[in-house]
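In mature numbering (1 follows the signal peptide of the UniProt record, and there is no 0), the protein residues as written are -26 to -1, 1 to 498.
Note sheet for the following structure.
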Amino acid sequence: MFHCLSIPPALLTLCFFPLFSPGTLPVDSMSLQSSKNVLDGGWGWVIVVVCFGAQFLAYGSPQSVGILYPEWLHAFQEGKGMTAWVGSLVSGVGLIASPVCSACVDNFGARPVTIFSGVMVAGGLMLSAFAPNVQFLIFSYGIVVGLGCGLVYAATLTITCQYFDKRRGLALGIVTTGTSVGGFLYATAQNELILLFDLDGCLLIIGALALNLMACAGFMRPLNMPAYYLKQKAALERTEEQLFENPPADDLKTTPGTSERTLTVKDLLIIIDAKDITTTNKKGGFMAGSAIVKIIKEKRQAYSKYMHSTADFLHDRNFMALCIAIFLFSLGAFPPVLFMEDVAQSEGLIDEVSIIPLVSIVAVTAGMGKLTLGILADVRWINSLFLYAFTLLGTGVALLLIPISRSYVGLQILSAVVGFFSGNWSLTSYITTKIVGLDKLTQAHGILMFFGGFGIVLGPPVVGCFFDWTQSYDLAFYFSGGSVLLGGVTLFLSALPWWDKKKADIDRFDLQYTSNCDKVASVA
């Protein structure tokens, strides 16, 4: 087993050589290129390949955690509800922490974040091999690996969006299918590794494979300077006395040779912020205190504006219905992926995990669903909200039929249906853009992912508690199917054009009432 875990020197060279090789340009060198010349092609396709590999390596084991779940039940002899926290956290923590993960990518860049996430994912998987109980497993596999996956997801999507403009949808579609392909292949691989090397050896080997995330990070050449680099650079420039003698316009220039690159508004704000802080440090006494108070007030106003914009999102009928639908979908649709193999074994439909597990079927059909639903969303006469609601209704019906199915073939068919409709995650960004606009997509999408992650974290423990209470999965799957159906009905009713027509009639009545009052006042 240790021969299998040993990493060849060539692999170590591959992991670290791209970080400092002449072909990999640092931030200053990369900024010499105009971003317009590298969009939609060239090195961007290399970015697509390595981001696909990064999501494949990071999400392969978490997407097929249903294979490990029965082994953990047998090894630790804990309840299904307690053990289910492992699978729920590894998938939900990354979504809940998506705003923090995005902030890390903005501040430090995709390459350092991916390297750090590779250490987290590999370290969490290897630590899980030595877990003495489920509580330790919740920390090592659920939280550590889950946060690492969230960082990988944010980094890969950010760097892909930077390199593509017109073909951004195609590039993101290819990158995100890495999770589905990883779940499909890792399910079979983990099953075979458990038979050959036991559960501990399987986790060690999977953790060793996750170290290749650092090799993928080596190819992620940044197009834009990270915020942390800009802050440090601006602070160093402020310390030089000759820079203070230059006109204020020079503060917005980059280093020599970088005049071709146009700084974004965020970069300019970072430089100005760093200048204010450095200038404050040079002052003393009352002036320094007043400057600090001014900065605090400006920051408070920015946060207050952010909270007001978030409240405006939640006041939108369609957006709020979408948040509720995603929460109920995550609450009900994710647990079957975790419990499906245990359902087949507990019902006596199969003695052990088959060559093509049910988790693999869910993963490969989810990839097909992402591509198919993405194509349907671009059709003009198809309403994306109704399409998403239809996927929820189909998933809910399939979940309600699982307790009735008494054959392994029936479970395979229902798993394929659930997996295909679970590809509706590819519609969330599209629908969010339609509701709030492209300029507010990042903030609104973060709110949606928070609701989805919260549902994923709660779903498996709740379903596991139902089994511990009734010693049967029937009530648990009825709860899951009912939750998803409720989310689909809520979104379907909210998307009906009747609401807009009613609002238009009310506005027309108010306008007519106001005009009549004006007429009466004029007569008086």
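Even for Gly, the Cβ is constructed at its ideal location relative to N, Cα and C.
Quick check on this structure: which residue in L332, G98 and T132 has the alpha carbon closest to the alpha carbon of residue 532?
Limits of the chain in this structure are -26 at one end and 498 at the other, which puts residue 532 out of reach.
Per-residue burial, T153 [other beta carbons within 10 Å of its own, 16 or more giving buried]
buried
Please determine, among G116, Y404 and S62, the residue with the shortest C-alpha to C-alpha distance to L422.
Y404
Thinking C-alpha only, which one of F193, D352, S379 and A307 is nearest K408?
D352
Beta-carbon within less than 7 Å of S358's beta-carbon, same chain only, minus the 5 sequence neighbours each way: which residues are those?
A351, L401, Y404, I405 and K408
Mind listing, in chain order, the continuous beta strand (DSSP E) runs of no fewer than 3 residues lying wholly within the stretch 385 to 449?
none
Using 9 Å as the limit for Cβ to Cβ distance, is I180 near chain C?
In the displayed structure, chain C is absent; only one protein chain is listed.
What's the C-alpha gap between V436 and I41?
20 Å
Pull up the distance between the alpha-carbon of L99 and that of Y115, whole angstroms please.
6 Å
Tell me whether the stretch 65 to 74 and the stretch 116 to 131 touch, counting them as touching only if at least three CB pairs, one residue from each stretch, are closer than 8 Å.
yes
To the nearest angstrom, report how far apart I356 and L465 are at their CA atoms.
15 Å
Option nearest Q109 by Cα separation, candidates V149, K140, L63 and G147:
L63
Evaluate K344 with the Cβ neighbour count: other Cβ atoms within 10 Å of its Cβ, from every protein chain shown; 16 or more gives buried, anything less gives exposed.
buried
DSSP on N165, reduced to helix/strand/coil?
helix
In three-state terms, what does DSSP make of D316?
helix
Apart from the five residues on each side of it in sequence, which residues of its chain come closer than 7 Å, Cβ to Cβ, to T130?
C25, A28, Q29 and V149
For the candidate residues S454, V22 and T162, whose alpha-carbon lies nearest to that of Y137?
V22
Please confirm whether any heavy atom of the ligand NAD lies closer than 8 Å to the CB of Y127.
Absence of the ligand NAD from the depicted structure is noted, as is the absence of any ligand whatsoever, leaving it without description.
Could you name the residues of the same chain whose beta carbon sits closer than 7 Å to that of T134, not counting the 5 residues immediately before and after it, in chain order?
I21, V22, C25, A145, L146 and V149
Alpha carbon to alpha carbon, how far is A32 from G438?
26 Å
Helix, strand or coil for P222, going by three-state DSSP, please let me know.
At P222, the pLDDT of 49 sits below 50, so the modelled position is not reliable; the number obtained from the coordinates is stated separately. In this structure, P222 counts as helix in the three-state DSSP scheme.
Distance check for T365 and F395, CA to CA, integer angstroms please.
5 Å
Should L459 and L374 be called a contact, given that it needs their Cβ atoms to be closer than 9 Å?
yes
Exposed unless 16 or more other CB atoms sit within 10 angstroms - verdict on T444
exposed
Between the beta-carbon of F50 and the beta-carbon of L13, is there less than 9 Å?
no
Find out if the Cβ-Cβ distance for the pair G433, A307 is shorter than 9 Å.
yes
Contact set for A58: own chain, Cβ-Cβ below 6 Å, skip 5 residues either direction
P434, P435 and G438
How many Å lie between Y446 and F440 at the Cα?
The sequence shown places Ser at residue 446, not Tyr. Those two C-alpha atoms are separated by around 8 Å.
Would G120 be called buried (16 or more neighbouring beta carbons within 10 Å of its own) or exposed?
buried
If G393 sits next to T339, beta carbons under 8 Å apart, how far is it from one beta carbon to the other, in whole angstroms?
3 Å
Compare the Cα-Cα distances from V39 to each of N81, I180 and L69 and report the closest residue.
I180
Suppose you measure from the CA of I89 to the CA of W399; what does that come to, to the nearest Å?
26 Å
Between C176, A450 and I349, which lies nearest to I378 when the distance is taken from Cα to Cα?
A450
Around the C-beta of W46, are 16 or more other C-beta atoms found within 10 angstroms, so that it is buried, or is it exposed?
buried
Short check: CB of A390 to CB of V431, under 9 Å?
no
Locate the alpha helix (DSSP H) running through V74, then write down its first and last residues.
S72 to F82
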